[in-house]
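Counting with the numbering used here, you get residues 9 to 518 for the letters of the sequence shown. Each remark here refers to the structure printed beneath this line.
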Amino acid sequence: GGGGGESSSSSSTADAGVVDPWIAIETPSSASSSSSVSSSSPSSSPLDSLLEPKTTQTRTWTSTWTTSTTITTTSTTGPHVFGGQETSEAFDAWLVVWRSMYGEGLWKAGLPDPWESRMPKPLVNLTPQIVLSSGGVAGGIVTEGMGYGLMIEGMLAAAGSPDALRNGLSLMKSWLGMVEGPKDLAQPFSGGSNFTGSSEKVNYWPYGVSAIASNKNLAPAGVAAWKFPINESKIDAHMGSATDGDQDALFGMIYLSERLGNPDDMVDVVIRTLIAFASADLGFPDLYRILPCGTKVFVPKLGSMWGGLIPPDGPYKTKQEPWCYSPGYFAPAHYRTFRDFARRWWKPEFDAYLPKRTTGAWTTLTDLLEVFDSAIVAGYNILYYSSCSSGSVSNWVGVQAECDDNTTLNCEGTPWQYTPWVGPDGGECAQSGTPFGTWGADAGRALWRIAMDYVLFREESTSVLIYDRNGFPDYSVRFGSRKFLNRISRQYKTHAWCDGGAEGNNCLNR
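Put into C-alpha cells, the structure is as follows:
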C-alpha cells in the first residue's frame with residue numbers, strides 16, 4: 009500500500025461520475041419494516057418533561073426515512089446492497105450486546121458523580137453510566153468506548169428513541185465527570201498533566217486547551233484522559249486524551265443536543281467541548297504547516313500529548329513517537345458536523361471560550377471553522393498517499409514535516425511528503441499494540457469513518473483537492489469518499505470468496 013490513488017485518466021464506473029452499484033449506502037426498495045420504541049423507565053429527571061410519552065418511527069425501505077418528527081429525506085439513487093429486515097434484526101441484536109457493556113456509577117472509574125447544580129438541565133438526576141471495554145490496551149473504561157456509546161446513542165436518539173436519549177445523556181454526564189477528573193489530581197484533569205493550568209492554558213505542556221470553564225456556572229467541558237481509573241501511580245500511562253474517542257463523543261453530544269432542540273445549556277457544553285477538541289486534538293490555534301500556496305494545514309493528532317505535528321522535543325514535545333498518525337482516526341464527517349454546529353449556534357459570548365495564540369493574540373470563530381476544513385483536506389491527502397488500491401491502510405503512518413527548531417509550532421511544510429513512511433529514510437511508528445504496515449483494529453475504522461462522510465456529506469466529500477508531495481495542487485487527481493469506498497467495494501467484488509450482498513448467501517456459514 010501507500011502508493012496513492014488513481015488519477016482522472018483511470019477508467020472506472022466511479023471515474024465516470026456514477027456510483028458503483030455495490031457500495032452499501034441505501035437499502036433495497038424490495039424490503040420494508042416498521043418498529044415502535046417507547047420508554048418504560050420512570051425517572052425524576054427533568055429529562056422526563058422533554059421526552060414524548062411514546063415515539064413511533066416507521067422505516068420504509070424505498071430510500072425514504074420518515075419519523076414522528078416529520079423529517080423526511082429522499083434519495084434518487086437505487087439500492088446498493090441486500091439488507092432490509094435481516095439487516096435491521098442483526099443491528100437490533102448487536103445493540104443488545106453493546107448495551108450489555110454499560111454499567112451504572114462513575115465510582116467504577118474512580119470518580120465522584122458531578123455536582124447536579126453544575127449540570128445542564130437534561131442531565132440533572134440522571135444516573136451516570138460508563139462503557140466497560142475489554143481486550144487489549146483499551147480494556148477497562150476508556151474514552152474510545154465512551155465515544156462509541158455516545159455516538160451510537162446520539163444517532164438513535166435523533167431518530168426518535170427515548171431509551172437512546174436517556175442512555176446518551178447518562179453517558180454524557182459521565183463524560184463531564186471524566187473531564188473534571190479525580191479529586192486528588194489537578195482539576196480539571198482533562199487531557200492535561202497533574203499540574204495547575206496544564207489542561208486550561210494553551211502555552212502549557214501539552215500544547216492546547218483540553219478543558220474550558222463555563223460562564224454559565226456549569227461544569228468544565230472538554231476532552232478527557234483516555235483511560236480510567238487514574239491515580240498518581242497510573243498517571244503516566246493513563247493521562248492524555250485520545251482523538252478517536254473524543255471526536256465520537258462530541259459527535260454524539262451534538263446529536264443529543266439536536267434531539268432536545270438545542271437548549272442553551274446543552275449548546276454551551278457542546279461548544280466548549282468542540283473548542284477543546286479543536287485545540288487539544290487538532291492543534292488549534294498554533295500547530296499547523298503552511299503549503300507553498302499559503303494554505304494552512306492542521307493534521308489530526310492522536311491525542312492531546314502525541315501524534316500529528318507535535319515536535320519531538322522542546323517545550324511541547326510529544327509523549328510518544330514523533331510524527332505518527334492513524335488513518336483510522338480521521339473522521340471527516342465529524343469535522344464537518346462540528347463546523348456546521350459551531351457556525352449555526354455561535355453566540356458572541358462564546359468568543360471568551362476561544363484560546364489565544366501563544367503570542368497572546370485573540371482568535372475568532374473564523375479561525376476555528378478554518379481548522380475543521382483544514383483537517384479534512386489534510387486527512388484526505390494523507391489517506392490518498394497511504395492507502396492501497398484495495399482501500400487497505402496501515403494502522404499507523406508518518407506525517408513528518410519538521411520546522412527549523414522544536415520551539416516552533418508552525419512553519420512551511422507538507423505533512424504527506426514522505427507518507428506512509430516517517431521521514432525520508434523509511435521510518436516507522438506504532439502504538440496501542442497494533443504494528444506499522446499492517447491492517448488491524450486501528451486501521452479498520454477508516455472504512456466506516458469515510459462511509460459516514462459519504463452518507464452525511466455526499467456532495468462535499470466526493471471531491472477533495474489533492475496536493476502533490478511538495479504541497480502544490482494536483483488537479484489531475486480525483487479523490488474523495490466515493491473514490492476510496494469504491495476501492496474497497498471493487499476489492500470485495502473481485503476477490504471475496506463469499507458475496508454477502510447476494511440474497512440467501514450466508515457468508516458466516518462458509
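Glycine included, each C-beta is placed from N, C-alpha and C at the ideal position.
Would you say Pro237 reaches chain D, if we count a Cβ-Cβ gap shorter than 9 Å as a contact?
As a matter of chain content, chain D is missing from the structure shown, which is built from one protein chain.
Arg352 and Leu373: beta carbons closer than 9 Å?
No.
Under DSSP, the alpha helix (DSSP H) around Asn175 begins and ends at which residues?
Segment Pro170 to Glu188, the alpha helix (DSSP H) holding Asn175.
Can you list the alpha helix (DSSP H) stretches of 4 or more residues lying completely in the region 361-416, in chain order?
Taken in chain order, the complete alpha helix (DSSP H) segments of 4 or more residues contained in the region 361-416 are 373-394.
So, using beta-carbon positions, are Phe236 and Val150 closer together than 9 Å?
Against a cut-off of 9 Å, the Cβ pair of Val150 and Phe236 comes out as a contact.
If you draw a straight line from the alpha carbon of Asp276 to that of Lys355, how long is it in whole angstroms?
Roughly 10 Å separates the two Cα atoms.
Helix, strand or coil: how does DSSP classify Glu97 here?
Looking at Glu97 - three-state DSSP - the assignment turns out to be helix.
Going by other Cβ atoms of all chains shown within 10 Å of its Cβ, with 16 needed for buried, is Arg477 buried or exposed?
Arg477 should be labelled exposed.
Can you tell me which of the three DSSP states Val105 falls into?
In the three-state reduction of the DSSP assignment, Val105 falls in the helix class.
Just checking, does the region 144-163 make contact with the region 122-135 on the three C-beta pairs under 8 Å criterion?
Not touching, per the Cβ criterion.
Terminal residues of the continuous beta strand (DSSP E) containing Arg280?
Where Arg280 is concerned, there is no enclosing beta strand (DSSP E), although the alpha helix (DSSP H) it sits in stretches over Asp272 to Leu290.
Run of the alpha helix (DSSP H) containing Gln255, from where it starts to where it stops
Per DSSP, Gln255 belongs to the alpha helix (DSSP H) from Thr251 to Arg267.
Thinking C-beta only, is Gly399 closer than 9 Å to Arg486?
Gly399 sits away from Arg486, with the two beta carbons spaced by 9 Å or more.
Could you say which of Ile243, Asn223 and Lys224 lies nearest to Ala232 if we only look at CA atoms?
The closest CA to that of Ala232, considering only Ile243, Asn223 and Lys224, is found on Ile243.
Who are the near neighbours of Val401 in its chain, counting only those whose CB is closer than 8 Å to its CB and skipping five residues on each side?
Same-chain partners within the cutoff: Gly9, Pro335, Gly336, Leu391, Ser394, Ser395, Trp447, Ala451 and Ala454.
Is it right to say Asp100 is buried, meaning 16 or more other beta carbons lie within 10 angstroms of its own, or is it exposed?
With a 10 Å radius around the Cβ and a threshold of 16 neighbouring Cβ atoms, Asp100 comes out exposed.
Reducing DSSP to helix, strand and coil, say where Ser442 ends up.
A small correction: the amino acid at residue 442 is Thr; Ser does not occupy that position in the sequence shown. Thr442 falls in the strand class under three-state DSSP.
Would you tell me roughly how many angstroms separate the C-alpha atoms of Pro29 and Tyr462, rounded to the nearest one?
Because the pLDDT at Pro29 is just 33, under 50, the model does not fix this residue reliably, and the point stays unresolved.
contact_flag[the region 430-443, the region 261-273] where n(CB pairs < 8 Å) is 3 or more
No: the two stretches stay apart, fewer than three of their Cβ pairs being nearer than 8 Å.
State the Cα-Cα distance for the pair Arg107 and Met313, rounded to the nearest angstrom.
Their Cα atoms are separated by approximately 31 Å.
Hey, Ala383 and Trp331: beta-carbon distance below 9 Å or not?
Taking 9 Å as the Cβ cut-off, Ala383 and Trp331 do not qualify as a contacting pair.
Close beta carbons around Leu464, own chain, < 6 Å, minus the five adjacent residues each side:
The answer, listed in chain order, is Ala341.
Between the Cα of Asn270 and the Cα atoms of Pro130, Ala449, Ser207 and Ser497, which residue gives the shortest distance?
Out of Pro130, Ala449, Ser207 and Ser497, Pro130 has the C-alpha closest to the C-alpha of Asn270.
Let me confirm a value: Trp424 is counted as buried when at least 16 other C-beta atoms fall within 10 Å, else exposed. Which label applies?
In summary, Trp424 is buried, with 16 or more beta-carbon neighbours lying within 10 Å of its beta-carbon over all protein chains present.
Let's test the definition: count the other Cβ atoms within 10 Å of the Cβ of Cys301 and tell me whether it reaches 16, buried, or not, exposed.
Counting Cβ neighbours within 10 Å, Cys301 comes out exposed, since fewer than 16 surround it.
Can you tell me which of Gly230, Ser198, Ile298 and Phe358 puts its alpha carbon nearest to the alpha carbon of Asp272?
Closest by alpha carbon: Phe358.
Exposed unless 16 or more other CB atoms sit within 10 angstroms - verdict on Ala146
When all chains shown are included, Ala146 counts as buried.
Taking three-plus beta-carbon pairs below 8 Å as touching, is the region 167-175 in contact with the region 191-208?
In short, these stretches do not touch, since the Cβ pair count stays below three.
From Thr135 to Glu112, what does the alpha carbon distance come to, in whole angstroms?
Distance between the alpha carbons of Thr135 and Glu112: 7 Å.
In the DSSP assignment, the alpha helix (DSSP H) including Gly157 goes from what residue to what residue?
Looking at the DSSP string, the run of the alpha helix (DSSP H) that includes Gly157 is Thr151 to Ala166.
When DSSP labels each residue in this structure, what does Ser471 get in the three-state scheme?
DSSP places Ser471 in coil when its eight states are reduced to three.
Using 10 angstroms around the beta-carbon of Lys181, count the other beta-carbons present and answer buried if the total reaches 16, otherwise exposed.
Lys181 comes out buried.
Proximal residues to Pro320 (C-beta, below 7 Å), its chain only, five neighbours per side dropped:
Thr326, Pro330 and Asn414.
Could you give the distance in angstroms between the alpha-carbon of Gly479 and the alpha-carbon of Leu299?
If I take the Cα positions, the gap works out to 5 Å.
From what residue to what residue does the beta strand (DSSP E) around Ile138 run?
Where Ile138 is concerned, the enclosing beta strand (DSSP E) stretches over Gln137 to Val139.
Quick check on Pro130: does DSSP put it in helix, strand or coil?
Helix at Pro130.
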